[in-house]
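The next block holds one structure in the form of structure tokens; read it before the comments.
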Amino acid sequence: MTKGRARSQSKRVLVVGLGSSGQAVVELLLRQGVSVLGTDLHDDPRFSHSLKRLRDLGAELHLGAHRTRDFTEADQIIVSPGVPLDLEPLRRAAASQIEIVGELEWAWRQTRVPVVAITGTNGKTTTTSLLGEILKTAGKSVFVGGNIGTPLSQWLLTGSNVDLLVLEVSSFQLDSAPTFRPQIGVLLNITEDHLDRYAGFQAYAESKFALFRQQRPDDVAIVNGDDSHCRQRLPQVPSRLLTFGREDSDAQALIRGDELIVRIGGAEPLRINLSECGLKGPHNAENIAAAVLAAKSLGLPDEALGAVLPRYQGLPHRVEWVGSRQGIDFYDDSKATNVGAVVKALDNFQRPVLLLAGGRDKYGSYQPLHEPLRRKVRALFLYGEAAPRMFQELSGIVSTRLASDLPEAFREAVALAESGDVVLLSPACSSFDQYESYAQRGDHFKQLVGELTQPKEA
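The sequence shown begins at 4 in the numbering used here and counts up by one.
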């Protein structure tokens, strides 16, 4: 592992949140000889063995509650992803001028490996994974992780050497990463999400755009030029700007029907037939464009793109075809945890859609769904905590039914569906009212489809 930008010189460091990334930070600090205290509101039995190991290594851990003095007596505080920065003990620490940084910021300070960081409301994981595959095919040693898969701090524990870090980063991580500087930053889009955690949409949008705040003129910013919330902030970009989209003829990656035209510098344009790519749909055309711009900015050969783009088909739970029965196709888009993702999902279909939506409300507006529902959806089936508010806002737009849970919504949709229809799970909400994760929700949907489509035993 290469030498870092800075080692922790603090006498006593508090790590808040002891999930996988928090535990990795604790161990790394102990290796540096730092006095470490870890705290977590929960005492999760799944981590009992690993937490005992950290105690054996010399860490002091407090579980089940936060003690204010642990925060106010620390020299530095490192917060795990997902820990709200408005916790009262953190407020008190900030008032005492104690440095508070996130796991991303702290881990990034420990290495000098160049970074490509990818953010956006939707498409982050697909674009990050696609770029990682292109880099590996081009012969680069690369770590792909961050907000997906393996946290950066866990990779640091391995001591591995790589050419490049490709990181998915969330708005929560950027909020606590004041000096984080990616050599290439990618912003895919900004739509309403996480408004339960932000004062409003503008605060959320500024959080996303903070990806570029520490970049230098020789760094690269890749931005969706069609997204109005991105476009209005382009003057803030301090680095070399590359855009992608359909509407701006000056975009360096221009989507024209089934063709992607990439023009960087004075080089001959690269033309990619999107219909031959493994990733399908208008939303994935944007993800491909962003990944290709990043790859070309890194000087990767066209051969690597040609080898990966036709075979890479994306990740589960993202407009994923699950099965078919009597001419009805079933798609799992459980990863669509916000309204913008549902709008993009519906763009994929020319056939009538029976839409299953609901879950835990994020308290954004459902108004952007009005026109797509009119154009694409034959019937809407709502379930979960958000269903009453969604029904109030959407029932006047399209035929809408309420269900108690996903299985009931699924049964009602199947009963109404006809040959040629699409049954789509695209919830527009988080899963945490009834499921542990969007993946568990998607797997349950797949199970329901499997039970419906598998042959009956005689």
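No residue lacks a Cβ here, since even glycine has one placed at the ideal position from N, Cα and C.
What is the rounded straight-line gap between the Cα of Arg216 and the Cα of Glu279?
As a working note, residue 216 is residue 213 in the sequence shown. As a working note, residue 279 is residue 276 in the sequence shown. Those two C-alpha atoms are separated by around 37 Å.
Using beta-carbon positions only, say whether Glu343 and Thr124 come within less than 8 Å of one another.
As a working note, residue 343 is residue 340 in the sequence shown. As a working note, residue 124 is residue 121 in the sequence shown. What sits at residue 343 in the sequence shown is Gly, not Glu. In contact: Gly343 and Thr124 (Cβ atoms closer than 8 Å).
Out of curiosity, what's the CA-to-CA distance linking Gly162 and Trp109?
As a working mapping, residue 162 is identified with position 159 in the sequence shown. As a working mapping, residue 109 is identified with position 106 in the sequence shown. Near 16 Å, if we compare the C-alpha coordinates of Trp109 and Gly162.
Excluding the 5 residues preceding and the 5 following Pro355 in the sequence, name in chain order all residues of the same chain whose CB lies nearer than 6 Å to its CB.
The residue you call residue 355 lines up with position 352 of the sequence shown. Around Pro355: Arg381 and Asp424.
6 Å Cβ shell around Ala213 - same chain, five flanking residues per side excluded:
On the sequence shown, residue 213 is found 210 positions in, with the first residue counted as 1. Shown here for Ala213: same chain residues with a beta carbon closer than 6 Å to its own, the five before and five after excluded, namely Leu177 in chain order.
Could you spell out where the alpha helix (DSSP H) holding Phe413 opens and where it closes?
Taking the first residue of the sequence shown as 1, we reach residue 413 at position 410. Element bounds for Phe413: Leu409 to Leu419.
Reference Glu289, options Asp229, Gln353, Lys449 and Val346, closest by Cα
Within the sequence shown, numbered from 1, the residue matching residue 289 stands at position 286. For the options Asp229, Gln353, Lys449 and Val346, the alpha carbon positioned closest to that of Glu289 is the one of Asp229.
Going by the beta-carbon positions, is the gap between Asn227 and Leu191 smaller than 8 Å?
By 1-based counting over the sequence shown, the position of residue 227 is 224. By 1-based counting over the sequence shown, the position of residue 191 is 188. Taking 8 Å as the Cβ cut-off, Asn227 and Leu191 qualify as a contacting pair.
Helix, strand or coil, according to DSSP, for Gln79 in the structure here?
In the sequence shown, the residue the question calls residue 79 occupies position 76. In the structure shown, Gln79 sits in a strand (DSSP, three-state: E or B).
Assigned secondary structure, Ser23 (DSSP; H/G/I helix, E/B strand, else coil):
In the sequence shown, counting from the first residue as 1, residue 23 sits at position 20. It is helical.
Exposure label - Lys449; buried when at least 16 CB within 10 Å:
Mapped onto the sequence shown, residue 449 falls at position 446. Buried.
Which of helix, strand or coil DSSP assigns to Gly326:
Position 323 of the sequence shown, counted from the first residue, corresponds to residue 326. The answer is strand: DSSP assigns Gly326 an E or B state.
Would His45 be called buried (16 or more neighbouring beta carbons within 10 Å of its own) or exposed?
Translated into positions along the sequence shown, residue 45 becomes position 42. His45 is exposed by the Cβ-count criterion.
Chain-order list of residues whose beta-carbon lies under 7 Å from that of Leu455 (same chain, five-residue window excluded)
As a working note, residue 455 is residue 452 in the sequence shown. Taking Leu455 as the centre and dropping the five residues before and after it, the same chain places the C-beta of Arg328 and Val417 closer than 7 Å to its C-beta, in chain order.
Given a cut-off of 8 Å, decide if Gly281 and Val322 are closer than it, judged by their beta-carbon atoms.
Taking the first residue of the sequence shown as position 1, residue 322 is located at position 319. Taking the first residue of the sequence shown as position 1, residue 281 is located at position 278. No, they are not a contact pair.
What do you reckon, are the CB atoms on Val426 and Leu318 nearer than 8 Å?
Taking the first residue of the sequence shown as position 1, residue 426 is located at position 423. Taking the first residue of the sequence shown as position 1, residue 318 is located at position 315. For Val426 and Leu318, no; Cβs fall outside 8 Å.
Roughly how many angstroms separate the alpha carbons of Thr122 and Ile187, rounded to a whole number?
Position 119 of the sequence shown holds residue 122. Position 184 of the sequence shown holds residue 187. Approximately 11 Å between the Cα atoms of the pair.
Please return the same chain residues whose Cβ sits closer than 7 Å to the Cβ of Val165, not counting the five positions on each side in sequence.
Mapped onto the sequence shown, residue 165 falls at position 162. The residues are Val116, Ser144, Val145 and Phe146.
Helix, strand or coil, according to DSSP, for Asp253 in the structure here?
The residue labelled residue 253 in the question sits at position 250 within the sequence shown. Note: Asp253 maps to coil in three-state DSSP.
Taking the continuous alpha helix (DSSP H) assigned at Gly7, which residues delimit it?
Here the question's residue 7 lines up with position 4 in the sequence shown. Counting along the chain, Gly7 falls outside any alpha helix (DSSP H), and DSSP gives it neither H nor E.
Are three or more beta carbon pairs between the stretch 427-442 and the stretch 338-352 nearer than 8 Å?
yes
Cβ distance (whole Å) where Ile137 is taken to contact Leu308 below 8 Å
Locating residue 137 in the sequence shown gives position 134, counting from the first residue. Locating residue 308 in the sequence shown gives position 305, counting from the first residue. Contact flag correct, Cβ pair sits at about 6 Å.
Can you give the Cα-Cα distance for Lys459 and Leu451, rounded to whole angstroms?
Walking along the sequence shown from the start, residue 459 turns up at place 456. Walking along the sequence shown from the start, residue 451 turns up at place 448. Because the pLDDT at Lys459 is just 49, under 50, the model does not fix this residue reliably, and the value given afterwards should be weighed accordingly. Cα to Cα, the separation comes out at about 14 Å.
Beta strand (DSSP E) containing His69: first to last residue?
Counting from 1 along the sequence shown, the entry for residue 69 is found at position 66. No beta strand (DSSP E) contains His69, which DSSP labels as neither H nor E.
Name, in chain order, the residues that DSSP records as bridge partners for Asp43.
For this step, residue 43 is matched to residue 40 along the sequence shown. Leu66, per the DSSP bridge assignment.
Within 8 Å, do at least three Cβ pairs link the stretch 34-52 to the stretch 98-108?
no
Could you work out which residue in Glu415, Ser422 and Asp408 is closest to Gln437 when comparing CA atoms only?
Stepping through the sequence shown from its first residue, residue 437 is reached at position 434. For the residues Glu415, Ser422 and Asp408, the minimum Cα distance to Gln437 belongs to Asp408.
With distance defined between alpha-carbon atoms, name the residue in Ala98, Ser242, Ala420 and Val169 nearest to Thr75.
If you number the sequence shown from 1, residue 75 lands on position 72. Of the candidates Ala98, Ser242, Ala420 and Val169, the one whose C-alpha sits nearest the C-alpha of Thr75 is Ala98.
Boundaries (first-last residue) of the alpha helix (DSSP H) holding Glu171
Locating residue 171 in the sequence shown gives position 168, counting from the first residue. DSSP places Glu171 in no alpha helix (DSSP H) but in the uninterrupted beta strand (DSSP E) bounded by Leu167 to Glu171.
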